[in-house]
Every structure is written in structure tokens, then in C-alpha cells.
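Undergrad:
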Amino acid sequence: MRRLQFDYLRRVVWGVHNRPGLLPTSLLYAILIAIGFVYLYPLLFMAVNSFKSPADLLNPMVQWVPTELYLGNYQKAYRVLNYLDTLRATIVVSAAPTVLQVVVCALVGYGLARYRLWGKPLLFALIFATFVIPPQNTIIPQMLNYRYLNLLGNIWALLIPAALGQGFKSAIFILIFYQNFLSLPRALEEAARLDGASDLGIFWRIALPGAVPAFIVSFIFSVVWYWNETYLTTVFLEGGIQTLPMQLAKFTQAYENLYPSSMVNIFDRLNEAVKMSGTFLTILPLLVIYFILQRWFVESIERSGLAGE
Amino acid sequence: MANSRTRWRFRLRENLQGYRFLLPWLIGFTLFTAAPLAQTFQYSLSNVKVAVTGIELTAIGWQNYTRALFTDPTFVQLLVEYVIETAISVPIILIFSMIIALFLNVPFWGRAIFRTIFFLPVVITSGPVISELVAQGATSAPQVASSAAVTAFVSQLPALLREPVRYLLTSFILILWFSGVQILIYLAGLQKIDRFVYEAAAVDGASAWEMFWKITLPSLTTTTVINALYTIITLSHFSENKVIKYIHSRIYDVEGGIGYASAMAFLYALALIALLIATFLVLRPRAKD
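In order, the protein sequence lines correspond to chains L and G. With the numbering used here applied, the first sequence covers 786 to 1094. With the numbering used here applied, the second sequence covers 4 to 292.
1. How big is the Cα-Cα spacing for Gly57/G and Leu936/L?
2. Using the DSSP secondary-structure output, state which residues sit across from Glu258/G in a beta bridge.
3. Tell me whether the beta-carbon of Phe99/G lies closer than 7 Å to the beta-carbon of Leu179/G.
4. According to DSSP, simplified to helix, strand and coil, what is Ala940/L?
5. Would the stretch 915–923 of chain L count as touching the stretch 266–278 of chain G if we require 3 or more Cβ pairs under 8 Å?
6. Would you call the stretch 126–144 of chain G and the stretch 189–197 of chain G in contact, with 3 or more CB pairs under 8 Å?
7. Could you check the C-alpha separation between Ile1077/L and Phe78/G for me, to the nearest Å?
8. Find the nearest neighbour of Thr237/G within the set Phe1000/L, Asn939/L and Trp1010/L, judged by alpha-carbon distance.
9. Got a sec: is the Cβ-Cβ distance from Glu777/L to anything in chain G below 7 Å?
10. Does the beta carbon of Asp984/L sit closer than 7 Å to a beta carbon anywhere in chain G?
11. On the three-state DSSP scale, how would you describe Ala141/G?
12. Who are the neighbours of Thr219/G on chain L, taking C-beta pairs under 9 Å?
13. Within 7 Å of any Cβ in chain L, is that where the Cβ of Asn6/G sits?
14. When Cβ atoms are compared, which residues of the stretch 122–137 of chain G fall closer than 8 Å to chain C?
15. Given a limit of 9 Å on CB to CB distance, which residues of the stretch 247–266 of chain G reach chain L?
16. In three-state terms, what does DSSP make of Leu902/L?
17. Residues of chain G with a CB under 7 Å from the CB of Leu825/L: which are they?
18. Three Cβ pairs or more, each shorter than 8 Å: is that satisfied between the stretch 954–969 of chain L and the stretch 984–1002 of chain L?
19. How would you write the range of the alpha helix (DSSP H) that Leu808/L sits in, first residue to last?
20. Quick one: Cα of Gln20/G to Cα of Arg899/L, how far?
21. Helix, strand or coil: how does DSSP classify Ala62/G here?
22. Based on Cα-Cα distance, which residue from Tyr46/G, Leu123/G and Tyr85/G lies nearest to Ala277/G?
23. Within the same chain, show all residues whose beta-carbon is closer than 6 Å to that of Tyr931/L, passing over the 5 residues directly before and after it, in chain order.
24. Measuring CA to CA, which of Phe241/G, Leu275/G, Thr173/G and Val257/G is closest to Phe181/G?
25. What's the gap between the Cα of Val884/L and the Cα of Phe1004/L?
26. What residue range is occupied by the uninterrupted alpha helix (DSSP H) comprising Gly183/G?
27. Between the C-alpha atoms of Leu163/G and Ala155/G, what's the straight-line distance to the nearest angstrom?
28. Which value, in whole angstroms, describes the spacing of the CA atoms of Ala274/G and Thr1067/L?
29. Here's the rule: buried if 16 or more other CB atoms are within 10 angstroms of the residue's CB, otherwise exposed. What is Leu902/L?
30. Expressed to the nearest angstrom, what Euclidean distance is found between the alpha-carbon atoms of Ala832/L and Ser1062/L?
31. Which of helix, strand or coil does DSSP assign to Trp112/G?
32. Could you tell me whether any Cβ in chain G is nearer than 7 Å to the Cβ of Thr923/L?
33. Classify Tyr249/G as helix, strand or coil using the three-state DSSP reduction.
34. Please state the DSSP three-state secondary structure of Gln927/L.
35. How about Phe24/G and Leu892/L: are their beta carbons less than 7 Å apart?
36. If the cut is a Cβ gap below 8 Å, which residues of chain G does Ile918/L touch?
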């Protein structure tokens, strides 16, 4: 009887083969929660600090719980970022090049996957090269050309490269589509060819419908990467279009313009709480989209073949 | 004879059809990658003057390169720091993402929530956001980097180690934040391992520990190489990278700035490629002897 009880206890605490017990399970959760906390620490820090009133910031007793729900920082950051206009511009800057980029990358991926092309290894090497070469190595002549063509500060400076398959991180999207189209059964394609379909027709009617997940994944990632990209946008768009990250980068300066430090009282000077509010407002739209579409974000990569075969 | 000729014509037709799909990319590659790359190389060998009408080039040989390597103390120092920081970050990111992937590969309640958390930084990591968070001290390991004991410890270290350790302490979370995509790539790699291999090993009496070292790790070799290369490239292209910022700051020098920045860009690219090759040689799958 004793022995049985002990066995039962052992099974519950330690677990049996392929059914972990209480101890391993709680250990797993403890570790994951600890790592998760460290991982999210910057975000928590940002969220908490953005609600601190100037008095809370000065009060050393206030660390993690602000004494009041103070929204003044957000009002200021909202004005400094010129939020609605900047947000609208950011959406356009991330979505418009993305549409072109995704379509062209689908074409390229299809061409590479479905045809026995001469020089295919070379093509892959060149595509990989576009991923490796740092943007500084190609950006100066482009900038000078755009200046000559009067396209600096214009969305076309991003649209033209994207339409020609040289958008931001295009190599990854080509790879995603390549993997996707490789798995298309050849019999389907041959049947359509016997029925007299043209090459483009096959791409359009047979390959595309099966590639919808690849399109969604590429679209989402391309939007996120364009949204967060600041090197290209600063060089090409500065002076014409402001995106949220660009505006955040010059937050201090913009704040000074709106609230000159000689004109406002000490509580309205720029402090870290306002900066944190600005940072939070910058990432907020993507956060919202992420939590709505998170299944697509996370499961997609596993299926899309970004892992490479 | 005729047969091989028809086959050749068939292949030609297939190639023409296929290259039609690649045409936009080929044009784009020529216009937006190859041509600017060559042009930048020419700048790097010239003294570039910006005038109202355009730019004027005077060939000066390798002077921009020698200036960057032997005269400019900042560039070489930043480049060395970049190599050291990358060499520190990449193993941390790889090990961390592998551990998290191993955790997330086990079914347990709430797995989706944790997966969402660990992928979150990919969505929000942009240069200005990171630089704001770093400036406010939100990215250092909580309460560790600033404590007196740690500061005293760091100041006792030899000069060569001091900067890397300080970098590790102040940007620890930031380093982890670059693991999002890598975790998913590892997860995909883990799911490709055949379950029967584990079952066979279990029948033979292998422990979980042995299975990890003898089955899981060897199966992930290719995945690790991909992850390592991806990590190095992402870190090197990140807009808060100090070398990139320095190169960018020199572009707008009126006299010779463009030429000098171009030369530095090429040196930086060489360092990046050297890092990639070194990583590949270290991690590449080796044939069993």
C-alpha cells in the first residue's frame, strides 16, 4: 500500500515516459516566464514610464506603479509626431512598395522554380549577393541620380526599385516564392499546357491560387520591414515624406520646435516619459496588427520554407 | 544529330519563357545593384566634389582606402568593435534561439502565447525605437549593469575584455531581441527531424540528454548555418550599427566625403563577407570520418 502511494506520487510529481509530471512542467513554465519577462522588460519599462507625470519621474519612490494615470505625455508626443499625418505617410510608404515587391518576387520565384534555366546557380548567387551587400555600397549613386531626377523625398524613389525586384530584403521573398512554387505538381502544369494554356496563363491560373499563403506572409513581412526601415527612408525620403520611425529619430528637435525650452515651464520640458510615449506611439500600430495577425506571422515562416532546404 | 538539335531548341524556348519571368529583376539588378555598386567603387577611388551642377571626380588611386585604414583612427576602431560585438552576439543569439525553440517544440498549454512573445521584437525593432530604448536604459539586464559590484568588476578587467563585457551588460536584451526569426527557423528545423529516430533511440535506452547531442544537434547543422548567416547580415545592416552611422555621417562632407564614405563602405562590406566566410567555415557540416 505504501509502495503504491509512493509510486503514484512519483508519477504525479516527476511524470512518466512522455507525460511530464508537476515538477518538470512547473520548471518549464518558471523558466519560460522568467525569460519572457526579461524579453519583454524594455516594453514594460516603456509602457510604465510613458504614464509617469513629471512629479512621478522626480519621485524616487515611484518605480513600477505611477501614482496616477497621466496622459499628458501622450498628448505631447502625439503633437510632436504629428501623428495622424505621419501615420498615414508611414502606411503608404510601407504598403505601396510592398505590393510591387511581392508581385515581382512572385514572378522571379516562379521563373526560378519552374524552368530549367541556364546559369541558375549564378542567378541564386546574385540574389544572395543583393541580400549581403550593405545598402551603403549602392545608396550614394542612387541618391545622386534621384536628386538629378528630382525624385528625392518622393515615394517613387522606393517604388521604382521595388517594381524591379530590388526592394528591401527582396531576396527573402524570392526565396519564399521559390520554395512555394517548387512544390507545385508538374502534372498540373503539363495538363494545362496540353490544354493550350500559355506560360503566363499557367502562372496566373494554376500557380497563383496555390500561392496565397506565400503572398500573405510576404506581404506582412515586407510591410513590417519597410515600416521599420530607416536607413533607406532617411536617405531617399527625408525632406519630402516623414515616417513614424524617422520622426521619432528627430523627436528631441521636433519637441524643441513645438515647446521651446525657454518658453515653457519646467514641467513641460522634454523628459524621458514623453520620449517613451513617442516610442510607444511609433510601435503601437504594428503591435496592434501583430496581435491581430499573429498566427500568420508565426506559423507562416515554419511553412513558407524560409528555413531553406 | 537532329534529335540533339530539337532538344537544344526546346531548351532555348524554355529558357526564353523562363527568363521572361526574371526580366524585371534582371533590369533592376543592373540598374539598382550592379551599376550603383560599380559607381560607388569608382567614387571610392576618387576625390568627389559636390558642385551645383553635379559631382566632379578626380582619380586618386587607393588614397581613400589608406586614409580609412591608416590615418582615420575612428573607422578602424569602430570596425574592430563591430567584428568583436558581432562575434559575441552571434553565438548568444544562436544558443538562445535554439534553447527557446527546443522549449517551444514541446507541446504544453500556452505555447502559442510564448511563441507570440518571442517573435514580438521582430515586429517592432527599428533603429530609432531601439536607440530610444537604449538611451533610457531599458535594454540592459534589469538592475545588473548599473550595480556597483558589477561596475567595479568590469573596471578590473583587462582593456581588451572591458568593452565587450560592457557591451554585453548594457545591451543584453537587445541581443536577445534579434532572435525572433531564428527561433522560428530552428522550430521549422526541429519539426523536420523524423520522429521515428527518437523512438528508435528510446527503445535502445538513450536518455533525453544523449538524444539531444546525438540526434537533435547534428540534424540542426544546416539550420544553424542559415541562422548564423542571417544573424550576421541582420546585425550588420541594422541602421543603429555604429560603423554604418559613421559612414553615413561622412557622406555629407563637402570635400571628398562621398569618395571617402564609399571606400569605407567597401571595407565594411569586405569585413562582413570575411565574417560570413569565417562563420561558414566554422559551422559547415563536416563529412563523417
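The C-beta atom is built at its ideal place from N, Cα and C for all residues, glycine as well.
TA: The structure says:
1. Taking the second sequence and counting its residues from 1, one reaches residue 57/G at position 54. Taking the first sequence and counting its residues from 1, one reaches residue 936/L at position 151. Rounded to whole angstroms, Gly57/G to Leu936/L spans 15 Å at the Cα level.
2. Here residue 258/G is taken as the residue at index 255 of the second sequence, counted from 1. Answer is Lys52/G, bridged to Glu258/G.
3. Within the second sequence, the letter at position 96 stands for residue 99/G. Within the second sequence, the letter at position 176 stands for residue 179/G. Yes, they are a contact pair.
4. As a first step, residue 940/L is located in the first sequence; it is residue number 155 there, counting from the start. In the sequence under discussion, the amino acid at residue 940/L is Ile, which differs from the Ala named in the question. In the displayed model, Ile940/L falls within coil according to three-state DSSP, outside both helix and strand.
5. yes
6. no
7. Numbered from its first residue, the first sequence carries residue 1077/L at position 292. Numbered from its first residue, the second sequence carries residue 78/G at position 75. Rounded to whole angstroms, Ile1077/L to Phe78/G spans 44 Å at the Cα level.
8. The sequence position of residue 237/G within the second sequence is 234, counting from 1. Taking only the C-alpha atoms, the option nearest Thr237/G is Trp1010/L.
9. Residue 777/L is absent from the structure shown; chain L starts at 786 and stops at 1094.
10. If you number the first sequence from 1, residue 984/L lands on position 199. Cβ-Cβ to chain G under 7 Å: yes for Asp984/L.
11. For the purposes of this step, residue 141/G is taken as residue 138 along the second sequence, with counting starting at 1. The answer is coil: DSSP assigns Ala141/G none of H, G, I, E or B.
12. Within the second sequence, the letter at position 216 stands for residue 219/G. Correct list: empty, because the minimum Cβ distance to chain L is about 15 Å.
13. The residue you call residue 6/G lines up with position 3 of the second sequence. For Asn6/G, the answer is no, since every Cβ of chain L falls outside 7 Å of its Cβ.
14. Among the chains of the structure shown, chain C does not appear; the protein chains present are L and G.
15. Ile247, Ile250, His251, Ile254, Ile261, Ala264 and Ser265
16. Position 117 of the first sequence, counting from 1, holds the residue named residue 902/L. Correct three-state label for Leu902/L: coil.
17. Within the first sequence, residue 825/L is the residue found at index 40, counting from 1. Under the 7 Å cutoff, chain G gives Ile120.
18. yes
19. Counting from 1 along the first sequence, the entry for residue 808/L is found at position 23. Leu807 to Ser835 is the extent of the alpha helix (DSSP H) around Leu808/L.
20. Reading the second sequence from its first residue, position 17 is the one you call residue 20/G. Reading the first sequence from its first residue, position 114 is the one you call residue 899/L. If I take the Cα positions, the gap works out to 10 Å.
21. Mapped onto the second sequence, residue 62/G falls at position 59. Residue state, collapsed to three classes: strand.
22. Here residue 277/G is taken as the residue at index 274 of the second sequence, counted from 1. Selected option, being the one with the closest Cα: Tyr85/G.
23. What you label residue 931/L is simply residue 146 of the first sequence in a count that begins at 1. Non-local C-beta neighbours of Tyr931/L in its own chain, meaning closer than 6 Å and more than five positions away in sequence, comprise Leu937 and Ala942, ordered along the chain.
24. Indexing the second sequence from 1 puts residue 181/G at position 178. Taking only the C-alpha atoms, the option nearest Phe181/G is Phe241/G.
25. The residue you call residue 884/L lines up with position 99 of the first sequence. The residue you call residue 1004/L lines up with position 219 of the first sequence. Cα-Cα distance, rounded: 7 Å.
26. Taking the second sequence and counting its residues from 1, the one referred to as residue 183/G is at position 180. If you look at Gly183/G, you'll find it in the alpha helix (DSSP H) that goes Gly183 to Lys195.
27. Start at 1 with the first residue of the second sequence, and residue 163/G comes out as number 160. Start at 1 with the first residue of the second sequence, and residue 155/G comes out as number 152. Each residue's Cα considered, the two are about 16 Å apart.
28. Against the second sequence, residue 274/G aligns to sequence position 271. Against the first sequence, residue 1067/L aligns to sequence position 282. Going by the C-alpha atoms only, they are around 33 Å apart.
29. As a working mapping, residue 902/L is identified with position 117 in the first sequence. So Leu902/L counts as buried.
30. For the purposes of this step, residue 832/L is identified with residue 47 of the first sequence, where counting begins at 1. For the purposes of this step, residue 1062/L is identified with residue 277 of the first sequence, where counting begins at 1. So the two alpha carbons sit approximately 8 Å from each other.
31. As a first step, residue 112/G is located in the second sequence; it is residue number 109 there, counting from the start. Collapsing the DSSP output to three states places Trp112/G in coil.
32. For the purposes of this step, residue 923/L is identified with residue 138 of the first sequence, where counting begins at 1. Yes - at least one Cβ of chain G is within 7 Å of the one on Thr923/L.
33. If you number the second sequence from 1, residue 249/G lands on position 246. The answer is helix: DSSP assigns Tyr249/G an H, G or I state.
34. The residue labelled residue 927/L in the question sits at position 142 within the first sequence. DSSP places Gln927/L in helix when its eight states are reduced to three.
35. Stepping through the second sequence from its first residue, residue 24/G is reached at position 21. Stepping through the first sequence from its first residue, residue 892/L is reached at position 107. Cβ distance < 7 Å, so Phe24/G and Leu892/L count as in contact.
36. Taking the first residue of the first sequence as position 1, residue 918/L is located at position 133. Chain G residues near Ile918/L: Thr36, Leu40 and Ala272.
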